[in-house]
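S.K.:
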Amino acid sequence: MFNQLEAAPPDAILGLNEAFGRDARPEKINLTTGVYKNAHGQTPVLSCVKEAERRLLESEASKGYLGIDGLPEFSGRVRELIFGADHEITVSGRATSIQAPGGTGALRVAAEFLGKAFPGVTIWCSQPTWPNHPAIFQAAGVEVAEYGYFDETTNGLNFASMLDGLAAIPAGDVVCLHACCHNPTGVDPTAQQWEQVAEIIESRDLLPLVDFAYQGFGDGLEEDATGLRTLARPGRRLLVASSFSKNFGLYRERVGALTVVTGDADTAGIVLSRLKQTIRANYSNPPAHGAGVVTTILDDDLLRKEWQTELNGMRERINDMRQRLATGLAAAAPDHDFTNVGTQRGMFSFSGLSPAQVDRLREEHAVYLVRNGRMNVAGVTEENIGRLCESIATIL
Ligand code: LMR
Numbered sequence: 055m056f057n058q059l060e061a062a063p064p065d066a067i068l069g070l071n072e073a074f075g076r077d078a079r080p081e082k083i084n085l086t087t088g089v090y091k092n093a094h095g096q097t098p099v100l101s102c103v104k105e106a107e108r109r110l111l112e113s114e115a116s117k118g119y120l121g122i123d124g125l126p127e128f129s130g131r132v133r134e135l136i137f138g139a140d141h142e143i144t145v146s147g148r149a150t151s152i153q154a155p156g157g158t159g160a161l162r163v164a165a166e167f168l169g170k171a172f173p174g175v176t177i178w179c180s181q182p183t184w185p186n187h188p189a190i191f192q193a194a195g196v197e198v199a200e201y202g203y204f205d206e207t208t209n210g211l212n213f214a215s216m217l218d219g220l221a222a223i224p225a226g227d228v229v230c231l232h233a234c235c236h237n238p239t240g241v242d243p244t245a246q247q248w249e250q251v252a253e254i255i256e257s258r259d260l261l262p263l264v265d266f267a268y269q270g271f272g273d274g275l276e277e278d279a280t281g282l283r284t285l286a287r288p289g290r291r292l293l294v295a296s297s298f299s300k301n302f303g304l305y306r307e308r309v310g311a312l313t314v315v316t317g318d319a320d321t322a323g324i325v326l327s328r329l330k331q332t333i334r335a336n337y338s339n340p341p342a343h344g345a346g347v348v349t350t351i352l353d354d355d356l357l358r359k360e361w362q363t364e365l366n367g368m369r370e371r372i373n374d375m376r377q378r379l380a381t382g383l384a385a386a387a388p389d390h391d392f393t394n395v396g397t398q399r400g401m402f403s404f405s406g407l408s409p410a411q412v413d414r415l416r417e418e419h420a421v422y423l424v425r426n427g428r429m430n431v432a433g434v435t436e437e438n439i440g441r442l443c444e445s446i447a448t449i450l
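Going by our numbering, the first residue of the sequence shown is number 55, and it counts up by one from there.
1. Is there contact here, the stretch 386-396 with the stretch 56-76, by at least three beta-carbon pairs under 8 Å?
2. Quick one: does the C-beta of Gly88 sit closer than 6 Å to a heavy atom of the ligand LMR?
3. Using three-state DSSP, classify Ile334 as helix, strand or coil.
4. What residue range is occupied by the uninterrupted alpha helix (DSSP H) comprising Leu352?
5. Within 10 Å of its beta-carbon, does Val26 have 16 or more other beta-carbons around it, so buried, or fewer, so exposed?
6. Buried or exposed: where does Thr280 fall if 16 or more other Cβ atoms within 10 Å of its Cβ makes it buried?
7. Under the rule that 16 or more other beta-carbon atoms within 10 Å means buried, what is Val412, buried or exposed?
8. Is His141 close to chain D, meaning its C-beta is less than 7 Å from at least one C-beta of that chain?
9. Would Arg376 pass as a contact of Val309 if the rule is Cβ separation under 7 Å?
10. Hey, Ala345 and Phe128 are a contact pair by Cβ (cut 8 Å); roughly how many whole angstroms apart?
11. With a CB to CB cut of under 8 Å and the five nearest residues on each side skipped, what residues in its chain are close to His94?
12. Measuring alpha carbon to alpha carbon, tell me which of Ile223, Ser408 and Glu417 ends up nearest Leu450.
13. Tell me where the beta strand (DSSP E) around Pro188 begins and ends.
14. Take Asp227 as the anchor and find which of Phe191, Ser215, Gly174 and Ser180 has the nearest alpha-carbon.
15. Would you please state the rounded distance, in angstroms, between the beta carbons of Leu120 and Pro340? I believe it to be under 8 Å.
16. Alpha carbon to alpha carbon, how far is Tyr203 from Phe213?
17. Is it the case that the Cβ atoms of Ser445 and Gly427 are separated by a distance below 7 Å?
18. Is it right to say Val132 is buried, meaning 16 or more other beta carbons lie within 10 angstroms of its own, or is it exposed?
19. Within its chain, find whatever has a CB closer than 6 Å to the CB of Ala380; leave out the 5 residues flanking it on each side and keep chain order.
20. Report all residues from its chain with a CB closer than 7 Å to the CB of Glu370; omit the five preceding and five following residues, and keep chain order.
21. Out of curiosity, what's the CA-to-CA distance linking Ala222 and Ser297?
22. Starting from the Cα of Ala488, find the closest Cα among Gly400, Leu263 and Pro64 and give me that residue.
23. Cutting at 6 Å between CB atoms, please list the residues of its own chain near Leu326, excluding the five before and the five after it.
24. Report the three-state DSSP secondary structure of Asp205 (helix, strand or coil).
25. Answer with buried or exposed for Ile324, where buried requires no fewer than 16 other C-beta atoms within 10 angstroms of its C-beta.
26. Keeping to the same chain, check which residues put their C-beta closer than 7 Å to that of Asp210; ignore five residues upstream and five downstream.
27. What is the DSSP secondary structure of Gly95, counted as helix, strand or coil?
28. Quick check on the DSSP output: what are the complete alpha helix (DSSP H) runs of length 4 or more inside the stretch 231-282, in order along the chain?
29. What separation, rounded to the nearest whole angstrom, lies between the Cα atoms of Leu365 and Glu60?
30. Taking contact to mean 3 or more Cβ pairs, one atom from each stretch, closer than 8 Å, check whether the stretch 235-249 and the stretch 170-184 are in contact.
31. Residues in the same chain with beta-carbon distance under 7 Å from Thr349, minus the five sequence neighbours each way, listed in chain order, please.
32. Could you compute how far the alpha carbon of Arg109 sits from the alpha carbon of Glu197?
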């Protein structure tokens, strides 16, 4: 019976990574998956992670199952990180968090929970968004729709279209927002624009589902939480999917969290029971290692400081390459406007290249970008930046 099946298409992002692996050209450049790379093109294990792992290996006494919702100490640490230790949501107990296998796992649990709790609910995504957003939500049986976000003529935010889009969403529906470092565009609302977004969300009674995958990669851990904390108005409900793949470099350990902010502690307890029911029928309970590493680091003042220094270093390297890329492209292709490559934030830059141009870059120059024109700025190094800018200039 399997003979009747047609092959599924390769994944829009990870599929290109596989193709890159098969490419025999030595000069190839990989700017596809959102993974940090250092100046030598490697994805290192952070020193604070190595130390936390050493301690865990020494102290680990059991491989018994974790609870369905994960390590107990982990969830409080997550709320402190995303809202701040003194925030009303952190101290009031009106939020609940579960440990999830990566940000992707958190989004999937969120969608299944929402779909069951509110049958017929639609999740509205920015146009464009991470291609896996609609895939995850639809796989959970939830309807997906779009609101305007990006302005292709300026390569910046189309804020008027975003506000109009949000204002047209039916009350009670869910809005998926990127807390910072919007994937794929690298274009975020300003603090003042977040206020306006929060205003519409409140007046339309929409439920935000905030994807927080890049905390610390935009302007800093606290700065990057501005949008989320603006949405977290007194009494407001929201969901946050956190990922620790990028900011702790724990990609393959699959560690993330889903936080649901409710109206009061009793309701938070009810929501937690529903989340656990969802998880139990999916992956039963999460893997321990990554959350153990994150908790060990956040629980220890010195390790935490070391982590922040390492995270700052990753952000600064990306921002440095971003500036050099903007300058390099402006010099190599003076007829094109690449100003926004320099002002966009986080790991990604939306180059404005068409799928056909991206295909030419890959086929003729062994330069791999996602077909929507997204490039991972962290993959740019001193060594490959010259050839990258020249290749882009050639295909323009
Ligand atoms: C990306 O967008 O490249 C990352 O979030 C990795 C992924 O899973 O797609």
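We put the CB at the ideal spot given by N, CA and C, even for glycine.
M.R.: Straight from the coordinates:
1. Short answer: they don't touch.
2. Sequence index remark: in the sequence shown, residue 88 carries index 34 (1-based). Correct: Gly88 has its Cβ closer than 6 Å to the ligand LMR.
3. Numbered from 1 along the sequence shown, position 280 holds the residue referred to as residue 334. Before going on, a small fix: residue 334 reads as Arg here, not Ile. Helix.
4. Counting from 1 along the sequence shown, the entry for residue 352 is found at position 298. Unbroken alpha helix (DSSP H) run through Leu352: His343 to Asp353.
5. Lying before the first or after the last residue shown, residue 26 is absent from the chain, which here runs from 55 to 450.
6. As a working mapping, residue 280 is identified with position 226 in the sequence shown. For Thr280, the number of other beta carbons within 10 angstroms of its own is at least 16, and it is reported as buried.
7. The sequence position of residue 412 within the sequence shown is 358, counting from 1. Burial check for Val412: the Cβ neighbour count within 10 Å reaches 16 or more, so the residue is buried.
8. In the structure shown, chain D cannot be found, because there is only a single protein chain.
9. Within the sequence shown, residue 376 is the residue found at index 322, counting from 1. Within the sequence shown, residue 309 is the residue found at index 255, counting from 1. With a cutoff of 7 Å on beta-carbon distance, Arg376 and Val309 are scored as not near each other.
10. Against the sequence shown, residue 345 aligns to sequence position 291. Against the sequence shown, residue 128 aligns to sequence position 74. That belief holds up - the Cβ atoms of Ala345 and Phe128 are roughly 5 Å apart, short of 8 Å.
11. What you label residue 94 is simply residue 40 of the sequence shown in a count that begins at 1. Short of 8 Å from the beta carbon of His94, and not among the five residues preceding or following it, lie these beta carbons of its own chain, in chain order: Thr435.
12. Within the sequence shown, residue 450 is the residue found at index 396, counting from 1. For the residues Ile223, Ser408 and Glu417, the minimum Cα distance to Leu450 belongs to Ser408.
13. Along the sequence shown, read from residue 1 onward, the residue named residue 188 stands at position 134. No beta strand (DSSP E) holds Pro188; the alpha helix (DSSP H) holding it covers Asn186 to Ala193.
14. Taking the sequence shown and counting its residues from 1, one reaches residue 227 at position 173. Cα-wise, what sits closest to Asp227 is Gly174.
15. As a first step, residue 120 must be located in the sequence shown, where it is residue number 66. As a first step, residue 340 must be located in the sequence shown, where it is residue number 286. Yes, Leu120 and Pro340 are in contact; Cβ-Cβ is about 6 Å, under 8 Å.
16. Stepping through the sequence shown from its first residue, residue 203 is reached at position 149. Stepping through the sequence shown from its first residue, residue 213 is reached at position 159. Taking the straight line joining both Cα atoms gives about 7 Å.
17. To locate residue 445, count along the sequence shown from 1; it is residue 391. To locate residue 427, count along the sequence shown from 1; it is residue 373. No. Outside cutoff.
18. Here residue 132 is taken as the residue at index 78 of the sequence shown, counted from 1. It is buried - the Cβ of Val132 has at least 16 other Cβ atoms within 10 Å.
19. Here residue 380 is taken as the residue at index 326 of the sequence shown, counted from 1. For Ala380, where only same-chain residues beyond five positions count, the Cβ hits under 6 Å are Phe392, Val395 and Gly396.
20. Position 316 of the sequence shown, counted from the first residue, corresponds to residue 370. Same-chain partners within the cutoff: there are none.
21. The sequence position of residue 222 within the sequence shown is 168, counting from 1. The sequence position of residue 297 within the sequence shown is 243, counting from 1. Ser297 has its alpha-carbon roughly 30 Å from the corresponding atom of Ala222.
22. The structure shown has nothing for residue 488, since the chain only spans 55 to 450.
23. As a position in the sequence shown, residue 326 is number 272, starting the count at 1. These residues qualify, in order along the chain: Thr150.
24. Counted from its first residue, the sequence shown places residue 205 at position 151. Under the three-state reduction of DSSP, Asp205 is assigned to strand.
25. Residue numbering aside, residue 324 sits at position 270 when the sequence shown is read from its first letter. That one is exposed.
26. By 1-based counting over the sequence shown, the position of residue 210 is 156. The sequence shown places Gly at residue 210, rather than the Asp named in the question. Residues Val241 and Asn394 of the same chain have their beta carbon placed closer than 7 Å to that of Gly210, with the five preceding and five following residues left out of the count.
27. Start at 1 with the first residue of the sequence shown, and residue 95 comes out as number 41. Residue state, collapsed to three classes: coil.
28. Residue ranges of uninterrupted alpha helix (DSSP H) with 4 or more members, entirely inside the stretch 231-282 and ordered along the chain, are 245-258.
29. Walking along the sequence shown from the start, residue 365 turns up at place 311. Walking along the sequence shown from the start, residue 60 turns up at place 6. Just so you know, the alpha carbons of Leu365 and Glu60 end up roughly 43 Å apart.
30. Touching, per the Cβ criterion.
31. On the sequence shown, position 295 is the one that residue 349 refers to. Answer for Thr349: Leu125, Glu127, Phe128 and Arg131, listed in chain order.
32. One-based indexing of the sequence shown puts residue 109 at position 55. One-based indexing of the sequence shown puts residue 197 at position 143. When rounded, the separation of the alpha-carbon atoms in Arg109 and Glu197 is 44 Å.
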